[in-house]
Amino acid sequence: MTTAPTAPAPVSPPTTAWRDALTAVVALLLPVVCVGCGTPDRALCRGCHTLLRELPGRTRLVAGVRLDAAFEYEGTVRTLLLEWKLRGRSDVVGPLTARTGALVRAALAAAPGAVVVRVPPSRRGARRRGFDPVVSVLRRAGLRRTPALRRLPVHPTAADPADVVAARAGGGQKERTALERVAATVGSLSAAALADGLRGRDVVLVDDVVTTGVTMAEAVRAVRAVGGRPVRCVAVASVEV
Ligand SMILES: [Zn+2]
């Protein structure tokens, strides 16, 4: 804070300096801790911002298609994504959505004219959250109203004993065996409603988190089933495989 009234006011101060000053003032009134590391500072401290900037992205193959993930799904990135998805903390994921949006733009630059298609959230996740993180990511890439694959009910009769056992155990996807995951995922996504727009076209698929890759592989299958050509998958984060 300056006490010299004669000091000339800066004509065009860098916006980050103003934002930092404003954040400092707000922090005095509303003490917050950094979601990433717990430091009493702001919702996402400068150290975590720097850390995120320095983290490398991840590239892997899913069903023969290149997947570009902005980050590895671990540590601070995992924490921030969970805060976003479970608590709606959209204020802390700017660095994540910005880098992912850039990956979507890069995918479109590599495949001009490609159609961007969203992998839809799980029914449970969508109900709980009331928002789709992938929509936010695509907005950062300047893309609005992107179509999504449709989720279909799989095993409506719950006839697969393995699924019943997994459900009883309260197990999510992680606790299931690979075979059970595949059985519960194949046929769970459909591109039928988008068929006219995807047939013969390059397609970029976008999801938030890729772990086993089974869901993304199912998305690739669904697009291929209607004659689309998945050329790139993009995600905010992927586990290391
Ligand atoms: Zn931090």
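Mind the numbering: the sequence shown is residues -18 to 222 in our numbering, read in order.
Backbone N, C-alpha and C fix where the C-beta goes; we use that ideal spot for every residue, glycine too.
- Around the beta carbon of P134, a 10 Å sphere encloses fewer than 16 other beta carbons of the protein chains shown; the residue is thus reported as exposed.
- Taking each of T193, A95 and R80 in turn and checking the Cα distance to R210, the smallest one comes out for A95.
- According to DSSP, R47 shares a beta bridge with L42.
- Those residues having their beta-carbon less than 6 angstroms away from any non-hydrogen atom of ligand 1 are, in chain order, C15, G17, C18, T20, C26, G28 and C29.
- For R132, the CB contacts under 7 angstroms within the same chain, skipping 5 residues up- and downstream, are P101, R104, S169 and L170 in chain order.
- For A198, no beta strand (DSSP E) encloses it; the enclosing alpha helix (DSSP H) starts and ends at V195 to A206.
- Three or more Cβ pairs closer than 8 angstroms define a contact, and the region 107 to 114 falls short of that threshold against the region 171 to 183.
- In the structure shown, the three-state DSSP call for L186 is strand.
- Residue nearest to A83 within the set L130, V14, V118 and V73 is V118 (criterion: CA-CA distance).
- In this structure the region 190 to 210 lies against the region 43 to 58, because at least three pairs of beta carbons, one per stretch, are closer than 8 angstroms.
- Distance between T57 and L160, taken at the CA atoms: about 30 angstroms.
- The beta carbons of L77 and F112 sit no closer together than 8 angstroms.
- In summary, E221 is exposed, with fewer than 16 beta-carbon neighbours lying within 10 Å of its beta-carbon over all protein chains present.
- Residue pairing from DSSP places E53 in a beta bridge opposite S219.
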